[in-house]
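I have placed the structure first, in the form of structure tokens, so that the comments after it can refer back to it.
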Ligand SMILES: [Zn+2]
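Spelled out as structure tokens, the structure:
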């Protein structure tokens with residue numbers, strides 16, 4: 000079944016076609032979301048939202064780009080929205096905790112960590128540091144970097160997904176790496192891990 | 046070469062994105078500088094996290110949960126399909142309503158016209174006679 004047949008099937012509500020689409024692209028969509036939200040549970044929820052959106056709006060698919068391009072766009076948009084909302088919620092939660100004297104979440108995390116063996120501490124701290132550094136990147140740099148590093152996409156394909164020029168992609172990824180390096184160097188100097 | 050200029054190129058060195066000349070210069074510096082080597086290891090381990098964590102194994106219940114969500118919400122029916130199903134239904138209902146309305150109007154016209162409509166028409170005519178439009182306009186002035 001080629002891409003246009005697959006889309007036609009989904010437009011007609013064919014569950015078999017939909018299942019084939021999900022089976023083909025599940026890894027790709029989950030991994031893209033995961034690169035941005037850093038949590039497997041959240042990435043799976045978002046990937047499901049992406050596929051449900053595809054099922055619902057298959058009639059709008061123009062067919063002038065590949066299905067994967069369409070999926071990458073929805074997956075990155077939804078993941079960024081999710082991170083934005085989480086940030087907003089986190090801000091109000093910390094504000095609330097300041098006023099109500101609620102439990103500090105950081106202390107919970109360090110309590111949990113003390114139970115784990117030594118090598119895990121380093122590994123999870125390393126992960127935390129990398130994720131925090133990625134989260135600090137401006138959104139366009141984050142998308143370009145994630146598609147390149149997590150999905151191993153060539154710059155040309157990233158340019159198509161983001162609807163920007165090849166030179167812009169090169170510049171975004173270059174700046175993303177520079178920013179990450181700066182943050183990692185800063186942490187290295189301060190021995191923050 | 047200064048340590049700072051080495052530090053800011055190491056991520057590109059790791060990704061093999063530097064011209065040959067710069068690459069050799071960095072390698073020469075690294076041989077004699079433990080601090081830059083140590084940062085190289087640090088940044089390499091950080092970037093390797095991506096290789097280790099990417100493409101995580103999806104839950105075996107992914108499909109089951111997806112289908113459950115598909116079934117619990119009828120609005121997840123494809124939009125094209127909705128239109129294809131809803132349009133004929135809508136126009137059939139419009140047609141039935143039209144026929145029914147026509148029948149009602151027809152039966153009203155045959156039975157009600159004698160009893161009600163003349164009375165209201167006379168009332169309206171009388172109102173006009175009682176208050177001619179000319180005098181209404183004159184009042185305004
Ligand atoms: Zn050095």
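Chains as they are written, first to last, in the numbering used here: chain Y, 0 to 192; chain R, 46 to 186.
All C-beta atoms in this analysis are idealised placements derived from N, C-alpha and C, irrespective of residue type, glycine included.
Hey, out of the options, whose CA is closest to residue i's CA?
i: residue 178 (chain Y); options: Y:191, Y:146, Y:135; result: Y:135
i: residue 50 (chain Y); options: Y:188, Y:17, Y:30, Y:1; result: Y:17
i: residue 11 (chain Y); options: Y:56, Y:24, Y:21, Y:26; result: Y:56
i: residue 97 (chain R); options: Y:84, Y:129, Y:61, Y:22; result: Y:129
i: residue 115 (chain R); options: Y:13, Y:39, Y:37, Y:81; result: Y:13
i: residue 94 (chain R); options: Y:67, Y:72, Y:125; result: Y:125
i: residue 195 (chain R); options: R:47, R:141, R:86, R:101; result: Any question about residue 195 (chain R) goes unanswered here, given that chain R covers just 46 to 186.
i: residue 155 (chain Y); options: Y:148, Y:149, Y:163; result: Y:163
i: residue 103 (chain R); options: Y:69, Y:24, Y:78; result: Y:24
Looking at the C-beta of residue i, does it have a partner C-beta in chain Y at a distance below 8 Å?
i: residue 135 (chain R); result: no
i: residue 104 (chain R); result: yes
i: residue 72 (chain R); result: no
i: residue 52 (chain R); result: yes
i: residue 114 (chain R); result: yes
i: residue 141 (chain R); result: no
i: residue 110 (chain R); result: yes
i: residue 117 (chain R); result: no
i: residue 55 (chain R); result: yes
i: residue 163 (chain R); result: Residue placement at residue 163 (chain R) is poorly supported in this model, since its pLDDT is 47, which falls under 50; the coordinates are not used for a value here.
i: residue 90 (chain R); result: yes
i: residue 144 (chain R); result: no
Flag residue i as yes if its beta-carbon sits less than 8 Å from any beta-carbon of chain R, otherwise no.
i: residue 179 (chain Y); result: yes
i: residue 62 (chain Y); result: no
i: residue 2 (chain Y); result: no
i: residue 117 (chain Y); result: Annotation note: pLDDT 43 at residue 117 (chain Y) (below 50); position unreliable, coordinate value reported separately. Not closer than 8 Å to any Cβ of chain R, the Cβ of residue 117 (chain Y) fails to qualify, so no.
i: residue 193 (chain Y); result: Beyond the ends of chain Y as shown, which are 0 and 192, falls residue 193 (chain Y); an answer cannot be given.
i: residue 190 (chain Y); result: no
i: residue 148 (chain Y); result: yes
i: residue 34 (chain Y); result: yes
i: residue 187 (chain Y); result: yes
i: residue 8 (chain Y); result: no
Can you pull the chain B neighbours of residue i, defined as C-beta to C-beta under 7 Å?
i: residue 100 (chain R); result: No chain B appears in the structure shown, which is made up of the protein chains Y and R.
For ligand 1, residues whose Cβ lies under 7 Å from any non-hydrogen atom: R:48, R:51, R:74, R:78, R:80, R:81
Would you check if the stretch 46-54 of chain R and the stretch 79-92 of chain R touch, i.e. whether three or more CB-CB distances between them fall below 8 Å? yes
May I ask you to verify whether the stretch 38-54 of chain Y touches the stretch 86-96 of chain Y, counting CB pairs closer than 8 Å and requiring at least 3? no
Touching or not, the stretch 106-113 of chain R and the stretch 166-173 of chain Y, by the rule of three or more beta carbon pairs under 8 Å? no
Quick test of the definition: if touching needs 3 or more C-beta pairs under 8 Å, does the stretch 79-86 of chain Y touch the stretch 28-45 of chain Y? yes
Which runs of the alpha helix (DSSP H) spanning at least 4 residues fall entirely within the stretch 68-119 of chain R, listed in chain order? 79-98, 107-117
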